[in-house]
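Working notes, beginning with the structure itself.
There are 2 protein chains.
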Amino acid sequence: MEDIVYLPPKDLPEAWYNVLPDLPEPLPPWKDVESGPSRFELMKSVYVNKCLEYDENYKERWVLIPEATREAYIHAGRPTPLNRAWRMEKVLDTPARIYYKREGTSPTGSYKVISNISQAVWAKEEGYDRLIACTAGTQGSGLCYAAATFGMKAMVFMFASAYDSRPGRVLHYKQLGADVIRSPSDRTEFGRKILEKDPNNKGSLFIALQELLEVFREEEVRHSAYLMGSGNTHNILFQTVMGLELKKQLELAGENEPDVIVDCAAAGGNWSGICLPFVKDRLDGRTRTRFVACQADGWAPFVDGEYKYADMVPMNPLAKIYTLGERENPPQIWAQGLQVPWGAIIPSYLRSKGIMEARKYSEEEVVPAAFQWIRAEGYIPALEATYAVKGGIDEAIRAREEGKARVIVINISGHGYYDVAGYRGYIEMAKGRK
Amino acid sequence: MEDIVYLPPKDLPEAWYNVLPDLPEPLPPWKDVESGPSRFELMKSVYVNKCLEYDENYKERWVLIPEATREAYIHAGRPTPLNRAWRMEKVLDTPARIYYKREGTSPTGSYKVISNISQAVWAKEEGYDRLIACTAGTQGSGLCYAAATFGMKAMVFMFASAYDSRPGRVLHYKQLGADVIRSPSDRTEFGRKILEKDPNNKGSLFIALQELLEVFREEEVRHSAYLMGSGNTHNILFQTVMGLELKKQLELAGENEPDVIVDCAAAGGNWSGICLPFVKDRLDGRTRTRFVACQADGWAPFVDGEYKYADMVPMNPLAKIYTLGERENPPQIWAQGLQVPWGAIIPSYLRSKGIMEARKYSEEEVVPAAFQWIRAEGYIPALEATYAVKGGIDEAIRAREEGKARVIVINISGHGYYDVAGYRGYIEMAKGRK
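If you read the protein sequences in the order shown, they are chains A and B. No gaps in the numbering here: position 170 of the first sequence is 171 in my numbering, and each next residue is one more. No gaps in the numbering here: position 323 of the second sequence is 324 in my numbering, and each next residue is one more.
The structure is reproduced here in structure tokens:
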């Protein structure tokens with residue numbers, strides 16, 4: 002059995018798919034905040050400008066991928082492989098055909114490299130020579146890789162808690178030549194003030210962004226660009242390359258259409274990238290593909306949130322999104338990357354229209370599924386991706402119960418080699434429970 | 002530029018290449034030890050019998066790969082990709098065309114999975130239901146993966162020093178469902194005696210093997226098989242799949258023949274796997290391909306050793322090999338996997354005939370090359386593989402100096418995601434030196 006569907010690099014998609022013109026209506030627009038500095042101005046002062054154009058209901062359905070970007074995609078392992086999970090199928094005794102896309106084969110270990118490469122090419126065109134991230138993990142790897150690839154500088158503000166608990170990531174940034182800063186830091190006035198009051202401050206996205214803005218303000222001539230990892234509309238445009246590859250790979254495997262695509266979701270950027278190229282057919286009534294987003298219990302805006310105008314990254318204007326709102330002491334879960342209290346604009350809209358099917362899982366549900374998967378398929382998923390694995394296994398069991406030979410696709414957004422501490426913590430925890 | 006040469010799974014080689022009939026003379030045979038239990042008997046009591054057949058100057062040039070083995074190879078990511086290192090070429094400003102084979106794409110992160118899958122299939126045929134390893138790292142991953150793949154049990158004796166310093170590997174064994182034992186252990190009388198005298202004993206291959214033999218002796222009916230990782234003649238047979246793939250990939254890339262193949266070498270099993278399929282052409286005078294083995298300074302039997310009958314794994318009979326002999330306090334190096342004081346039989350023979358070109362590098366030489374590589378190519382090599390990287394870079398520089406557009410192939414035997422501690426240790430060390 003051909004159980005890996007490779008797409009040769011020459012068949013890498015030549016254009017990204019922009020879903021906006023195919024939606025039944027324009028997306029709800031951004032709104033500026035009522036007090037404080039204009040977020041529109043703030044965005045323009047740090048983002049790559051060409052990216053912002055795409056966030057504003059851009060009209061073209063197909064956006065040509067620049068040659069430098071395609072070349073870098075290929076060097077970073079695209080198209081990524083699509084595996085058939087036939088060993089898992091046997092274990093589950095399901096008539097379903099399970100496929101999984103392996104985004105962990107990239108040099109940075111996750112799909113985040115897509116968006117960073119894409120933004121970096123435009124950043125360079127716009128004359129910037131330094132890329133800056135605020136991150137707890139994979140986004141930093143993607144950014145540092147993109148910077149190294151295009152001969153640019155990289156600066157990473159990493160939340161102190163993540164810096165201390167993820168030595169593998171810190172190392173990776175440094176291997177790639179980046180300037181890595183544990184935030185709050187003594188590099189900025191904002192950071193110094195926090196450290197004075199609280200030397201053990203664990204950092205946060207808010208603090209890191211304030212430090213970053215200070216760095217931008219200090220540039221006499223702007224030469225840096227801030228790159229977002231995943232959820233903005235332009236990030237999602239880039240990430241459709243995953244779904245476009247998947248479409249071709251399913252054809253090569255002789256499948257007409259997937260019955261269901263399952264992915265994990267924090268803000269939903271990754272989920273959008275794999276699903277969007279299949280959404281139009283569903284909207285047009287040509288297919289009945291289901292699009293499942295698996296969230297973490299306690300961090301499931303698409304399940305438990307409210308759809309309304311709200312603040313997300315405190316750098317963007319307000320947007321109509323699913324949000325859990327302000328919470329005191331939100332839960333800590335093993336998959337840090339899923340700890341996001343809101344959805345991005347596109348997936349939120351699709352959720353409101355019933356195109357996204359959302360569910361949430363507890364760690365107790367996810368972990369046994371992850372171990373079952375690793376023993377059957379071998380490849381270790383990132384902690385975040387174990388939620389997709391659990392969702393896919395549930396779909397396969399349902400197919401068995403209903404006696405349907407469904408086609409199930411699971412997107413494995415990254416590998417779990419850097420998640421040793423998380424997995425081990427769980428094994429220790431499980432021992433303690435006995 | 003097509004910078005990754007994928008070979009579709011259907012083109013995976015159908016047979017392994019056995020070099021023995023193509024050598025100018027039979028390999029020097031094994032000899033039993035003069036005192037103590039017969040090593041030939043010892044081997045038969047723990048190894049897979051079919052493997053031992055191949056160690057005895059087996060005559061057939063091509064050995065059909067069983068269907069179950071091919072299927073498992075494909076599931077484990079074979080054929081592995083061959084990348085063109087054109088970013089590295091630019092940095093080095095070399096006319097050479099550098100290719101690198103990425104064995105780290107397997108679910109266990111290294112080429113060791115090849116030999117384990119291959120042995121496991123035969124072990125199962127011979128009726129065994131448990132696989133046992135004595136290991137410090139990647140061999141355990143390969144064995145546990147093979148066991149999980151074929152529904153067998155896995156038992157790993159891991160040297161205490163490695164158990165304590167490589168939490169990622171321990172976790173990986175456990176994720177795959179193995180019984181992981183820190184050796185010396187309280188599971189065996191041998192282990193208990195050592196722990197009584199020295200509770201902090203760091204373990205060794207010798208101790209682990211004694212514990213393993215005790216486990217075998219306790220089986221009323223033998224149901225376990227001991228799998229070696231890499232260097233035995235049968236391991237090397239299996240590993241030729243790397244070189245056979247490489248041959249097809251170079252053809253696809255439009256290259257006639259490689260001018261030089263560079264690999265790291267501990268005992269030389271990995272080096273043999275990638276090089277042997279090209280050796281016959283060189284022996285016949287049809288090509289002038291050079292085969293470079295890069296060893297670690299302090300652990301370079303092919304450079305500094307003597308070619309003579311000697312003891313290697315204290316389970317095998319004596320063999321004619323390059324050996325550094327007994328040493329007090331051998332040096333510790335960052336790449337633990339290269340800390341082997343002898344060469345395997347086949348590569349030792351080829352070294353004695355001048356087919357293998359051997360060199361050694363210090364950490365100081367290797368580390369800067371590794372960082373240069375990571376920044377250019379993105380993929381993080383295992384610490385062991387950085388020696389191959391250094392060797393390949395040196396060849397590319399030489400090609401520049403001599404103005405030759407040579408074809409250089411580097412074998413990257415594994416990824417470095419589990420080598421965080423080693424890489425970080427070096428960064429810290431470098432800081433201290435400033």
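Where is the CB? At the ideal position from N, CA and C, for every residue including glycine.
Candidates the options: closest to residue i by CA position
i: ALA226(A); options: ARG71(A), GLY270(A) and CYS145(A); result: CYS145(A)
i: GLU197(A); options: GLU258(A), PRO185(A) and LEU8(A); result: PRO185(A)
i: GLY105(A); options: ASP420(A), TYR427(A) and PHE279(A); result: ASP420(A)
i: GLY426(B); options: LEU384(B), ALA86(B) and ASN201(B); result: LEU384(B)
i: ASP165(A); options: LYS203(A), LYS194(A), LYS175(A) and GLY192(A); result: LYS203(A)
i: SER36(A); options: ARG401(A), SER162(A) and PRO315(A); result: PRO315(A)
i: LYS154(B); options: ASP187(B), GLU90(B) and GLY141(B); result: GLY141(B)
i: ALA148(B); options: ALA268(B), TRP300(B), PRO168(B) and SER116(B); result: SER116(B)
i: GLY138(B); options: SER162(B), LEU132(B), ARG170(B) and THR150(B); result: ARG170(B)
i: PRO38(B); options: ALA268(B), SER162(B), ASN317(B) and ALA301(B); result: ASN317(B)
i: GLY270(A); options: LEU238(A), ASP305(A), GLU221(A) and LEU253(A); result: LEU238(A)
i: VAL20(B); options: CYS52(B), ASN58(B), ARG131(B) and GLY255(B); result: ASN58(B)
Contacting residues, own chain, Cβ-Cβ under 7 Å from residue i (five flanking each side not counted)
i: GLU190(B); result: GLU215
i: ILE381(A); result: ILE375, HIS416, GLY417 and TYR418
i: ASN50(A); result: GLU127
i: ASP56(A); result: ASN233, THR234 and HIS235
i: LEU247(A); result: LEU83, LYS102, ILE275 and VAL410
i: ILE356(B); result: VAL280, ARG283 and PHE292
i: THR244(B); result: Looking at the sequence provided, one finds Gly at residue 244(B) rather than Thr. GLY274, ILE275, CYS276, LEU277, PRO278 and PHE279, listed in sequence order.
i: ASP135(B); result: It is Cys, not Asp, that sits at residue 135(B) in the sequence shown. Hits under 7 Å: PHE158, LEU206, ALA209, LEU210 and LEU213.
i: VAL181(A); result: VAL157, MET159, VAL171, TYR174 and LYS175
Three-state secondary structure (DSSP) of residue i
i: ALA320(B); result: strand
i: LYS198(B); result: helix
i: ARG218(A); result: helix
i: HIS173(A); result: helix
i: TYR129(B); result: coil
i: LEU8(B); result: coil
i: MET44(B); result: helix
i: MET159(A); result: strand
i: ASP282(A); result: helix
i: ILE411(B); result: strand
i: SER205(A); result: coil
i: ILE356(A); result: coil
i: ARG183(B); result: strand
i: LYS51(A); result: helix
i: LYS405(A); result: coil
Beta-ladder partner(s) of residue i, from DSSP
i: CYS265(B); result: CYS295(B)
i: HIS416(A); result: PRO382(A)
i: ILE375(B); result: According to DSSP, ILE375(B) bridges with nothing at all.
i: ARG225(A); result: It should be noted that the sequence gives Ser, not Arg, for residue 225(A). DSSP, once it has assigned bridges, lists ARG131(A) as partnering SER225(A).
i: LEU65(B); result: ALA16(B)
i: TRP343(A); result: THR324(A)
i: LEU83(B); result: VAL6(B) and LYS102(B)
i: THR136(A); result: MET159(A)
i: LYS309(B); result: ILE322(B)
i: TYR112(B); result: Answer is none; TYR112(B) lacks a bridge partner.
i: TRP300(B); result: ALA297(B)
Own chain, CB closer than 6 Å to residue i, minus 5 neighbours either side, in chain order
i: PRO22(A); result: LYS60 and ARG62
i: VAL92(A); result: ALA377
i: ASP260(A); result: ARG407 and VAL408
i: GLY143(A); result: THR109, LYS113, VAL114 and ASN117
i: TYR308(B); result: TYR323 and SER353
i: ALA268(B); result: GLY232, VAL341, GLY344 and ALA345
Beta-carbon proximity list for residue i, same chain, < 8 Å, skipping 5 on both sides
i: ASP282(A); result: GLU258, THR288 and THR290
i: ASP199(A); result: none
i: PRO25(B); result: LEU284 and LYS354
i: TRP272(A); result: ASP264, CYS265, ALA266, PHE292, ALA294, PRO348, MET357 and ASN412
Open item on the list: Does the structure place the stretch 96-104 of chain B close enough to the stretch 124-142 of chain B that three or more beta carbon pairs sit under 8 Å?
Closed with: Three or more Cβ pairs closer than 8 Å define a contact, and the stretch 124-142 of chain B falls short of that threshold against the stretch 96-104 of chain B.
- [ ] Count the CB pairs spanning the stretch 315-323 of chain A and the stretch 29-36 of chain A that are closer than 8 Å, and state whether there are at least three.
- [x] With the cut-off at 8 Å, the stretch 315-323 of chain A and the stretch 29-36 of chain A touch.
- [ ] Tell me, please, whether the stretch 74-88 of chain A touches the stretch 346-366 of chain B by the rule of three or more beta-carbon pairs shorter than 8 Å.
- [x] No, because fewer than three Cβ pairs between the stretch 74-88 of chain A and the stretch 346-366 of chain B fall closer than 8 Å, the two stretches do not touch.
Open item on the list: Would the stretch 33-47 of chain A count as touching the stretch 104-122 of chain A if we require 3 or more Cβ pairs under 8 Å?
Closed with: Cβ pair count under 8 Å is below three, so no.
Open item on the list: Whether or not the stretch 293-306 of chain B and the stretch 356-372 of chain B are in contact is what I'm after, with contact meaning three or more pairs of Cβ atoms, one per stretch, closer than 8 Å; do they touch?
Closed with: Three or more beta-carbon pairs separated by less than 8 Å link the stretch 356-372 of chain B to the stretch 293-306 of chain B, which places the two stretches in contact.
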